[in-house]
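Reviewing the structure listed below.
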Amino acid sequence: MTGKQQIGARAFETNCATCHGVNAAGRYGIGPPLVHIIYEPSHHGDQSFHLAVMNGVRSHHWPYGNMPPVDGLTTGDVDMIVDYVRALQRSNGIN
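Our numbering applies: residue 7 is where the sequence shown begins, and numbers increase by one.
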């Protein structure tokens, strides 16, 4: 993992893992996995992660309810989180 991905991993664990699980594997009944074909870059580009953090997301792929905005993350933080999630996706064959 690159340094940027390691920082992203720590930021993910602090801000996202409560709902999206360890290693972005999801938490049944709480939040969807981000290491999933639905979130491949051609379907949900990097900007969609930024918009989700900034504005929240209306539930549309999963039955977990709406995602609220995430306070306290900068654009740079989200860039590193996305880099980490994309690395996890690639290592699981999601390109």
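We put the beta carbon where it would ideally sit given N, CA and C, even for glycine.
| query | result |
| --- | --- |
| DSSP state of M73 mapped onto helix, strand, coil | strand |
| Reduced DSSP category for R92 - H, G, I as helix; E, B as strand; rest coil | helix |
| Validate contact between the region 8–16 and the region 85–98 using beta carbons, cut 8 Å, 3 pairs | yes |
| Exposure of G4, with buried meaning 16 or more beta-carbon neighbours within 10 Å | The structure shown does not extend to residue 4, since the chain is modelled only from 7 through 101, so no value can be given for it. |
| Assigned exposure category for H67 - 16 Cβ within 10 Å defines buried | exposed |
| Proximity below 8 Å, CB of G27 to CB of Y70 | no |
| Nonlocal neighbours in the same chain, by C-beta distance under 7 Å from I43, ignoring five residues either side | I100 |
| For A30, the first and last residue of its enclosing alpha helix (DSSP H) | Run containing A30: none; DSSP gives neither H nor E here. |
| Backbone secondary structure at V63 - three-state DSSP | strand |
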